[in-house]
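Trainee:
Numbering (the working numbering), first residue to last: 14 to 232.
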């Protein structure tokens with residue numbers, strides 16, 4: 014049984030400012046995010062990883078490199094563009110409230126009704142496109158590491174949400190039922206054959222010891 018540990022990158026300046034980052038935007042990790050990565054590493058310290066994969070976008074790659082350094086394991090790292098964030102087209106770099114005022118239906122469908130999302134309105138990727146590229150990557154990793162092995166994947170909130178639910182064969186109309194994924198969260202899936210996946214844990218963040226809910230942590 015191969016276990017996949019999916020990690021969303023640490024919180025960034027644009028996350029805190031409630032801006033869409035997407036596949037073509039990026040901003041630095043917040044200073045406190047490095048501490049949270051250390052807490053994540055402590056949480057994962059007893060897991061032996063066969064391989065790690067990361068999005069090439071700096072916020073995810075920096076998270077992966079810092080996490081691997083803290084884990085103190087010799088884990089090969091591969092950067093894979095299929096793990097990049099959802100290309101959000103005209104939404105990227107804009108504040109959430111600005112985008113909602115300009116494209117209210119797009120925002121509603123993106124966050125709550127994936128089956129109604131019309132990517133043509135903002136020149137973005139579709140959910141199906143993100144799911145397809147994400148699935149192709151994960152199925153490839155599963156074939157490379159069959160049996161009782163652990164694989165680490167560091168990516169982004171929207172891409173992970175779509176991609177993980179896609180691996181679980183969740184229909185688009187129910188893609189958002191589980192809610193979002195938080196910064197520095199861990200979601201775990203298992204597979205016996207590299208084609209069929211089961212959910213083990215969703216959006217685990219207990220190890221961060223947060224006492225207050227910050228809505229900018231989750232997308």
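The beta-carbon is built from N, C-alpha and C at its ideal position, and this holds for glycine as well.
So what's residue 63 in DSSP terms, helix, strand or just coil?
Mentor: Position 50 of the chain shown, counting from 1, holds the residue named residue 63. Residue state, collapsed to three classes: coil.
Trainee: Give a yes or no on whether the C-beta atoms belonging to residue 42 and residue 72 are separated by under 9 Å.
Mentor: In the chain shown, counting from the first residue as 1, residue 42 sits at position 29. In the chain shown, counting from the first residue as 1, residue 72 sits at position 59. Contact: yes.
Trainee: State yes or no: is the beta carbon of residue 40 nearer than 9 Å to at least one beta carbon in chain C?
Mentor: In summary, chain C is missing from the structure at hand, where a single protein chain is found.
Trainee: Should residue 34 be labelled buried (16 or more other beta-carbon atoms within 10 Å of its own) or exposed?
Mentor: Here residue 34 refers to the residue found at position 21 of the chain shown. Per the 10 Å Cβ criterion, buried.
Trainee: Which complete beta strand (DSSP E) runs does the stretch 174-206 hold, if anything under 3 residues is left out?
Mentor: 199-204, all fully within the stretch 174-206.
Trainee: Give me the Cβ distance between residue 96 and residue 63, rounded to the nearest whole Å; I'm assuming they're in contact under 8 Å.
Mentor: Within the chain shown, residue 96 is the residue found at index 83, counting from 1. Within the chain shown, residue 63 is the residue found at index 50, counting from 1. So it is not a contact: roughly 17 Å between Cβ atoms.
Trainee: In this structure, does DSSP put residue 125 in helix, strand or coil?
Mentor: Taking the first residue of the chain shown as position 1, residue 125 is located at position 112. Helix at residue 125.
Trainee: For residue 54, which of 69, 44, 23 and 29 has the nearest alpha-carbon?
Mentor: For the purposes of this step, residue 54 is taken as residue 41 along the chain shown, with counting starting at 1. The shortest Cα separation from residue 54 among 69, 44, 23 and 29 belongs to 23.
Trainee: Might you give, ordered along the chain, the residues of its own chain that have their beta carbon closer than 7 Å to the beta carbon of residue 144, omitting 5 neighbours on each side?
Mentor: Counting from one through the chain shown, the residue named residue 144 turns up at place 131. So the list reads 175, 176 and 179, once near-sequence residues are dropped.
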